[in-house]
Each structure stands twice: as structure tokens, then as C-alpha cells.
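Below is one structure; the comments refer to it alone.
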Amino acid sequence: MPTRPAVHLAIPVDDLDAARQFYGGVLGLEEGRHSDHWIDWNWHGHQLVTHAVTGDIAAQGVSEVDGHHVPVPHFGLLLQAKEFHLLAERLRTAGVEFVIDPYLRFPGRPAEQWTMFFRDPAGNALEFKAFADERQVFTR
């Protein structure tokens with residue numbers, strides 16, 4: 253049992269082998285239980301489940317943020333800065349195309365943060381962030 257609340261997130265994918273290569277190979281997540289239709293992933297202590305679906309995966313929109321077209325919906329994690337930059341390099345090495353390249357938002361301000369967006373092989377949008385001061389995550 254987790255000592256803190258953990259998130260359970262289920263997402264659609266159209267190819268479990270591609271999901272396995274991306275989430276296990278590129279992102280380096282530990283694979284958990286699985287079947288012919290889904291795979292559980294240990295997503296930094298949270299449960300991420302990739303479910304094979306047939307047909308079209310829902311279309312996504314965008315929201316204008318800081319002059320960028322942010323894909324919506326999206327999901328992601330808050331990382332330490334070192335982990336963020338290591339992941340960005342790992343993604344570059346794997347040839348993952350960024351929707352929004354890693355960049356620093358709000359430099360010198362309380363909510364200073366690194367952020368990046370990319371998609372998995374099924375088109376699900378992911379955002380990873382690293383705050384200079386994690387206590388500022390909800391600062392207005």
C-alpha cells in the first residue's frame with residue numbers, strides 16, 4: 253500500500269508493442285501486470301495503464317499558453333530538474349519529436365519551471381515539468 257496517495261491513469265493506445273517500446277524502452281518505466289489488452293506501468297510510484305483500443309483515438313485540441321499551442325488533453329509528471337534534463341536528452345537520443353521543445357518558463361519568478369511536451373506512438377500528449385522550487389507549484 254502506498255504511504256501517500258497515488259494516481260491511477262488509464263490511456264488508450266492502438267498498438268501495445270509500440271506502447272511497450274515507448275513506455276518501457278524510451279521512458280524506462282518498469283512494466284507490471286499485463287494481458288493481451290493492457291499493460292500496467294510503474295510511473296514514478298503511480299499506476300499508468302495503457303489499454304489497447306480499436307478505432308480512432310479521440311481527437312485532441314490545443315490551448316494557447318505562452319505563445320505555444322499546448323495539446324489538450326495531456327498528462328505528465330513533475331520531476332526534479334536533473335531528471336527533467338536527463339529525460340529530455342533520452343527523448344532526443346531516441347528520436348522523439350517534441351510538440352514543444354524543453355524551455356524555461358517564468359525565469360526568475362516564483363513559478364520558474366522547465367517544461368516540455370511530446371506524444372507517445374498513439375498520439376497521447378505528455379508534459380513533463382521541473383520547478384526551481386517545488387513549493388511554488390500552485391503559486392498564483
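In short: position in the sequence shown from 1, add 252, done, that's this note's numbering. Every residue gets a Cβ at the ideal spot worked out from N, C-alpha and C, and that includes glycine. Source: prediction; values computed, not measured.
Q: Pull up the distance between the alpha-carbon of arginine 344 and that of histidine 286, whole angstroms please.
A: 28 Å
Q) Between the C-alpha atoms of leucine 279 and arginine 392, what's the straight-line distance to the nearest angstrom? A) 31 Å
Q | Reference histidine 296; option with closest CA among Glu282, Asp308, Glu316 | A | Glu282
Q) What residue range is occupied by the uninterrupted beta strand (DSSP E) comprising leucine 261? A) 260-265
Q: Please state whether DSSP places glycine 284 in a helix, a strand or coil.
A: strand
Q: Could you check how far apart the C-beta atoms of tyrosine 275 and threonine 302 are, in whole angstroms? I think they sit under 8 Å.
A: 6 Å
Q | Cβ-based burial, valine 348 [other Cβ within 10 Å; buried from 16] | A | Counting of Cβ neighbours within 10 angstroms places valine 348 among the buried residues, the total reaching 16 or more.
Q) Considering only residues of the region 311-353, which uninterrupted beta strand (DSSP E) runs meet the minimum length of 3 residues and lie entirely inside it, listed in chain order? A) 313-317, 320-324, 326-330
Q. For glutamine 365, does the count of other Cβ atoms within 10 angstroms reach 16, so buried, or fall short, so exposed?
A. buried
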